[in-house]
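Per the numbering used here, the very first residue in the sequence shown carries number 6; after that it's consecutive.
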Amino acid sequence: MEPILLAYIGIALMTGLTFIGSSYGVTIAGNAVVGAMKKNPDALGTYIALSALPSSQGLYGFVGYFMMQKFLVDSITMLNATAIFGAGLVLGFAGLFSSIRQAEVCANGIAGVGAGHNVFGATMVMAVFPELYAILALLVVILIGGTLPV
């Protein structure tokens with residue numbers, strides 16, 4: 006396999022999986038918003054804030070691509086290509102799963118707000134925990150990129 010092909014597969018995993026996770030996550034939270042609007046339509050701003058949180062993992066995948074872009078040249082070494090592939094796996098899967106799990110936390114918070122409970126702040130705090138691992142995965146991508154020769 007050509008090294009550049011391996012690197013591009015890594016980039017595809019990095020962006021594709023984070024984008025898929027974010028789209029699933031936003032859909033999970035959005036479905037909760039539809040149900041909550043029936044009970045408490047006045048909390049739309051709160052619902053939007055909570056339902057948008059799982060979209061950030063897709064942004065991390067996009068940032069990861071920009072961090073690796075400078076290495077995507079025809080003369081890429083197998084070492085660099087393998088590192089990019091590994092970085093793609095780390096960020097792709099961390100973003101995929103953390104956005105879905107974050108969306109489940111947000112959906113429960115949306116349902117709570119819809120039922121009239123004051124749980125917005127607690128939901129925001131709890132929703133940060135799954136996202137932390139996507140942030141750590143992005144940091145791994147940044148650290149890998151910092152160790153590779155250009």
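Where is the CB? At the ideal position from N, CA and C, for every residue including glycine.
Pair within 8 Å by beta-carbon distance, residue i and residue j
i, j, result
"Q107", "G30", "yes"
"A12", "L58", "no"
"G114", "L55", "yes"
"L141", "A88", "no"
"F24", "G66", "yes"
"A37", "A132", "no"
Neighbour-count burial assignment, residue i, 16 or more Cβ in a 10 Å radius
i, result
"F71", "exposed"
"E136", "buried"
"I53", "exposed"
"L101", "buried"
"V130", "exposed"
"M6", "exposed"
"N85", "buried"
"G15", "buried"
"F134", "exposed"
"M19", "buried"
"V118", "buried"
"L143", "buried"
"G26", "buried"
Residue interval of the alpha helix (DSSP H) (run including residue i)
i, result
"M6", "Element bounds for M6: n/a, residue is neither H nor E."
"P135", "125 to 152"
Nearest-angstrom Cβ-Cβ length linking residue i and residue j, presumed shorter than 8 Å
i, j, result
"T28", "Q62", "Here the sequence assigns Ser to residue 28, which means Thr is not the residue at that position. At roughly 10 Å, the Cβ-Cβ gap does not stay under 8 Å, so S28 and Q62 are not in contact."
"V146", "A92", "4 Å"
"F98", "L22", "6 Å"
"I81", "I33", "At roughly 37 Å, the Cβ-Cβ gap does not stay under 8 Å, so I81 and I33 are not in contact."
"V155", "K75", "6 Å"
"G150", "M73", "6 Å"
Inside the stretch 22 to 104 only - beta strand (DSSP E) runs reaching at least 3 residues:
None, since the stretch 22 to 104 contains no complete beta strand (DSSP E) of that length.
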